[in-house]
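Chains as they are written, first to last, in this note's numbering: chain V, 305 to 615; chain C, 88 to 359.
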């Protein structure tokens, strides 16, 4: 009888000081405040959770419809609906803290002072592992993506928040730029500890029967498998130019998709839209990566990072 | 770790439904029966399920939310109209195919027993969310009003009649029953019959629900409506399925159809 031999593989990663049991995170805006998924998966299995973006004051969000399905993707224009900083700290953080995995708080603002104020307030909140600066939301009229489209604005924002916190800073970059490498270099120079890429691509869809835009906000952010090749390309380009670690995301549905990002240069990856399609996606990706490593005889996932074979 | 659910409990929520029958009811209406014990045993009328169309394909990508039209032991019955890519895809599934199903989701209709007559008012596909209520309220007087564009698009009548429900029909073209809107039929019934201690349960297109809510308000009848909205996750995470409501302090705010609804008190909704 053949004995199944399961080799132990290491999935642990250290991302800018954030110690994770595996490289699988869940992307901001796709996982609520964690609690929403607690009926479906054991949250303790995740590498880390990135929260829905928090603003200083609660935000009501955009006019519906906010979601439109497109070929292999989703357009969304939620408009950063969130409970606001204080309610996040009092109502959402206690549950997140109890999970016992790194909690990365995504923050957004209309101007630099709002990001700085949120960062300072979060200095007093225990168990926040890192801040992710959302400089790439395409669905708000002020702030958001505007910061991530310009090198100088990215630099100013990241360096201002850098002065306000000792927590690791992750800048989440917009793909809606001519050169993502230039923006990435500005964020790195300003003191970012890691980069998340990519946020959604600005898109639009029209109902030809009514001639109405399919989103109340007219335009929205495209996510899902449709954008994956663009995200892979950007991760690879940025990996070759910066020293700080990358978090790759954009249409990851399976372990194979996640591995593509890791090989392109992402030290960890985030599951986003797939959480909507199948709430157990993230844990399935974790076990799929473990199986891949075992099958390939790779002892440590870290050795795969950026290990693209160009010959 | 009181908030972190145990694994045994967790795994029940995404389940598999196996198609045991498929029937075409009209050129665009289909009925699919799925063997799905967990949903059959746990869903209450007005709650919904998310049906994943394919594990392999990413187009169509999102799950589709459906009401469970009726339950027979371990079998749930989905009634739907082909309106786009997702419902067309589902209509092409075959007996024996398996689908990933998440649920039961959302809040169902209130099942409190403090009224005499249940008024079920459905427009088109709306009957899909209301039939199980007629089963639930078997010990009450139940009056159902069904609206359809024409007789061949009429859904649910025979099933309701077999429960002994008093069924009234309205069609746009007058090919069956009252000629006109189901909300107009409702007004006519209210003016003819002396109904006391009623409660309205309604589902259908938003203009129809708006008319029903208005009539309910004028006649001081409590009304519960089941809303539809474009939805991604169905579990309150994406904030996609927003609808405007009036909060108790009079302010307008967004609630989520998936987790705050899909059933709402009709007076809470900002009707546009």
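Every residue, glycine too, gets a C-beta built ideally from N, C-alpha and C. Since we're looking at a predicted model, the values are computed, not measured.
Membership of residue 551 of chain V in the beta strand (DSSP E) is indicated by the continuous run 550-552. Any Cβ of chain V closer than 8 Å to the Cβ of residue 323 of chain C would place that residue at the interface, and such an atom is present. Contact between residue 438 of chain V and residue 410 of chain V holds, since their C-beta atoms are separated by about 5 Å, short of 8 Å.
Chain order gives the chain V residues near residue 187 of chain C as 582, where near means a beta carbon separation below 8 Å. Using a Cβ-Cβ cut-off of 8 Å, residue 565 of chain V does not count as an interface residue toward chain C, since no Cβ of chain C sits closer than that to its own.
Rounded to whole angstroms, residue 327 of chain C and residue 382 of chain V show a C-alpha spacing of 6 Å. In this chain, the alpha helix (DSSP H) harbouring residue 467 of chain V covers 455-468. Identification of chain V residues near residue 316 of chain C by a Cβ-Cβ cut-off of 9 Å yields 368, 369, 370, 371, ordered along the chain. Under the 10 Å beta carbon count, residue 280 of chain C is surrounded by fewer than 16 other beta carbons and is classified as exposed. Around the beta carbon of residue 290 of chain C, 16 or more other beta carbons sit within 10 angstroms, so the residue counts as buried.
With 16 or more other Cβ atoms inside 10 Å of its own Cβ, residue 476 of chain V counts as buried. For residue 123 of chain C, no Cβ of chain V is located within less than 8 Å of the residue's own Cβ. Looking at the DSSP output, residue 409 of chain V shares a beta bridge with V:435.
The region 304-320 of chain C makes contact with the region 340-349 of chain C: 3 or more CB pairs, one atom from each, lie closer than 8 Å.
Approximately 38 Å separates the beta-carbon atoms of residue 367 of chain V and residue 549 of chain V; this is outside 8 Å, ruling out the contact.
Relative to the Cα of residue 139 of chain C, the nearest Cα in the group V:596, V:581, V:598 belongs to V:581. Across the structure, residue 303 of chain C and residue 237 of chain C are spaced so that their CA atoms are roughly 25 Å apart.
Each residue's CA atom was taken as its position, placing residue 545 of chain V and residue 489 of chain V some 8 Å apart.
Contact between the region 346-354 of chain V and the region 503-513 of chain V is absent: fewer than three C-beta pairs spanning the two stretches fall below 8 Å. Sequence-distant Cβ neighbours of residue 538 of chain V in its own chain, meaning closer than 7 Å and more than five residues away, are 479, 484, 501, 502. For residue 175 of chain C, the closest Cβ of chain V is not nearer than 8 Å. Think of a sphere of 9 Å around the beta carbon of residue 150 of chain C: the chain V residues whose beta carbon falls inside it are 580, 581, 582, in chain order. By the rule that beta-carbons nearer than 8 Å mark a contact, residue 455 of chain V does not touch chain C. Nearest to residue 231 of chain C by C-alpha distance, out of C:240, C:115, C:246, is C:246.
Scanning the region 98-135 of chain C from its first residue to its last, the whole beta strand (DSSP E) runs of 3-plus residues come out as 101-111, 116-122.
Around the CB of residue 320 of chain C, 16 or more other CB atoms lie within 10 Å, so the residue is classed as buried. Excluding the 5 residues flanking it on each side, residue 248 of chain C has same chain C-beta neighbours closer than 6 Å at 254, in chain order. Taking 8 Å as the cut-off, the Cβ atoms of residue 526 of chain V and residue 334 of chain V do not count as close. At a cut-off of 8 Å between beta carbons, residue 301 of chain C makes no contact with chain V. Under a 10 Å Cβ-count criterion, residue 134 of chain C is classified as buried, with 16 or more other Cβ atoms of the shown protein chains found around its own Cβ.
The three-state reading of DSSP puts residue 152 of chain C in strand, counting E and B together.
Neighbours of residue 557 of chain V in chain C, taken as residues at a C-beta separation under 7 Å, are given in chain order as 145. Here DSSP, grouped into helix, strand and coil, assigns residue 607 of chain V to helix.
In the three-state DSSP reduction, residue 191 of chain C falls in the strand class (E or B). Identification of chain V residues near residue 327 of chain C by a Cβ-Cβ cut-off of 7 Å yields 370, 371, 380, 382, ordered along the chain. Against residue 236 of chain C, chain V offers no close residue; the least beta-carbon distance is about 16 Å (beta-carbon pairs closer than 7 Å).
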